[in-house]
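Below is one structure; the comments refer to it alone.
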Amino acid sequence: MPQQDIRPRIPDVVPAELTPPGPEPVRRSLVSYVLPVYNEEDGIKAFHTELTTALDERPESDYELVYVNDGSGDGSLAILKDLAKNDERVRVVDFARNFGHQIAITAGLDVARGDAVIVMDTDLQDPPRVSLELVDAWREGAEIVHARRRSRQDTAFKRATAHLYYRVLRSSTDVDIPLDTGDFRLLDRRVADELRKYRERSRFVRGIVASMGYRQTEVAFDRDERFAGETKYPLRKMARLAIDGMTSFSTAPLKMITRLGFVVLVLSLLGILYALAMKFFRPDITVSGWTMMMCVVLFLGGTQMLSLGVIGAYIGRIYSEAQGRPLYLVRDVIGGDGDR
Ligand code: UDP
Ligand code: MG
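Under full-length UniProt numbering, the sequence shown has 325 at position 325, and the numbering climbs by one with no breaks.
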């Protein structure tokens with residue numbers, strides 16, 4: 001029986017820089033688009049036309065369009081299949097059901113092969129022309145290019161909540177999450193590969209990307225109105241995304257319990273002193289049994305709140321360990337074997 005090779009499989013782990021350099025054929029760069037689609041039958045054709053028209057103006061790169069059909073219940077899939085038939089640059093990933101926008105983006109990143117990967121919405125709110133500006137910034141050396149909304153045409157409620165949310169989120173985490181950016185951005189191949197190692201379930205892709213470091217820059221744009229259909233982010237989904245964003249980058253809510261616990265404990269000690277003082281100095285107006293009850297209730301309340309905080313602190317640690325995020329990301333290995 002041939003002996004089994006039990007050496008660890010290294011290739012997945014070794015960064016590309018460590019493999020011996022071969023004669024590299026000169027080739028054009030490939031730019032991939034990751035395009036999540038959920039019930040966009042009314043607008044997807046117009047989007048595709050506008051995107052390909054923009055791309056035709058820049059023939060210096062090759063392009064790949066990865067549409068991810070996130071379990072659409074309308075005719076979106078048929079339209080996408082049609083696009084793929086007529087354009088060999090189009091690929092379609094079809095989900096078995098609706099997994100949500102953030103997972104659709106993740107699947108698209110898993111499939112995309114480009115030297116740069118652009119993630120954008122397919123409702124024409126992210127103008128295809130702006131994606132070319134992202135490519136320009138990438139060519140100038142940026143590894144992550146965020147498209148920042150200079151203005152947006154959403155309802156006043158959505159604008160106000162988004163504005164407030166990004167500011168609260170920024171102030172409660174260590175991560176420098178850029179203000180007013182959604183998921184419209186360009187990632188260099190290296191960043192996209194690293195991002196694929198983040199496999200947490202409840203994901204907030206824009207926060208993860210911001211936390212990665214690398215050379216990040218912004219391109220400002222005016223966000224248009226939805227071309228057709230209505231938002232696929234009803235309040236319920238928006239709230240879930242907001243909570244995912246907060247809890248995946250901050251244990252501040254857990255720490256608040258500890259702080260609250262301390263405050264409650266101090267207050268309850270004061271309450272106990274008051275109850276005892278009343279018992280000794282004003283026994284005439286103190287109902288029998290009141291002192292004991294106050295002491296028990298206040299003491300239990302204070303210690304419980306504090307204990308919850310302590311437990312919360314441990315849960316916070318378990319949580320961040322269980323996320324299993326990579327501890328660090330390497331851009332380049334220079335010198336020794338890694339020198340090129
Ligand atoms: N989307 C998705 N799955 C969902 C919800 C949305 O793939 O469960 C897609 C949708 O087709 C669009 C993008 O994500 O291309 C952004 O959604 P939408 O425009 O509804 O969000 P908004 O711009 O209102 O925040
Ligand atoms: Mg939209």
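Here a beta-carbon is modelled for each residue, glycine too, at the ideal position from N, C-alpha and C.
Ala242 and Arg282 have their C-alpha atoms some 53 Å from each other.
The C-beta distance from Leu179 to Tyr165 rounds to 10 Å, too long to fall under 8 Å, and the pair is not in contact.
A Cβ-Cβ separation of about 4 Å places Ala104 in contact with Asp70 under the 8 Å criterion. Within 7 Å of the C-beta of His101 there is at least one heavy atom belonging to the ligand UDP.
Each of Pro253, Leu260 and Pro128 was checked against the Cα of Gly316, and the nearest Cα belongs to Pro253. In chain order, Gln102, Ile103, Thr106, Asp244 and Ser248 place their CB closer than 8 Å to the CB of Arg203, counting only its own chain and leaving out the 5 sequence neighbours on each side.
Proximity annotation: the ligand MG has residues Asp121, Asp123, Gln125, Arg226 and Thr231 in chain order, each selected because its CB is closer than 7 Å to a heavy atom of the ligand. Counting other Cβ atoms within 10 Å of its Cβ, Asn39 reaches 16 or more and is therefore classed as buried. A direct Cα-to-Cα measurement between Arg190 and Asp62 gives close to 18 Å. For the ligand UDP, no non-hydrogen atom lies closer than 7 Å to the CB of Asn86. Counting the other CB atoms within 10 Å of its CB gives Arg113 a total below 16, which places it among the exposed residues. By the 16-neighbour rule on beta-carbons within 10 angstroms, Phe280 is exposed. Rounded to the nearest whole angstrom, the CA to CA distance from Arg129 to Met120 is 11 Å. In terms of Cβ geometry, Glu64 and Arg89 form a close pair [threshold 8 Å]. Taken from the Cβ of Asp70, at least one heavy atom of the ligand UDP lies inside 7 Å.
By the C-beta criterion, the region 257 to 269 is judged not to be in contact with the region 68 to 83, since fewer than 3 inter-stretch pairs fall below 8 Å. Scanning Leu187, Val111 and Thr155 for the CA closest to the CA of Ala147 turns up Leu187.
Collapsing the DSSP output to three states places Phe95 in coil. Of all alpha-carbon atoms in Val37, Arg325 and Gly261, the one lying nearest the alpha-carbon of Ser307 is that of Gly261. Asp126 counts as buried, since at least 16 other C-beta atoms from the protein chains shown sit within 10 angstroms of its C-beta. As DSSP reads the structure, Glu64 sits in a beta bridge with Ser32. Closer than 7 Å to some heavy atom of the ligand UDP: that does not describe the Cβ of Ala252.
Each of Ala220, Val263, Val287 and Ala162 was checked against the Cα of Leu134, and the nearest Cα belongs to Ala220. Per the coordinates, the alpha-carbon of Arg185 lies some 54 Å from the alpha-carbon of Val297. In this model, Leu169 and Met305 are separated by some 25 Å (Cα to Cα).
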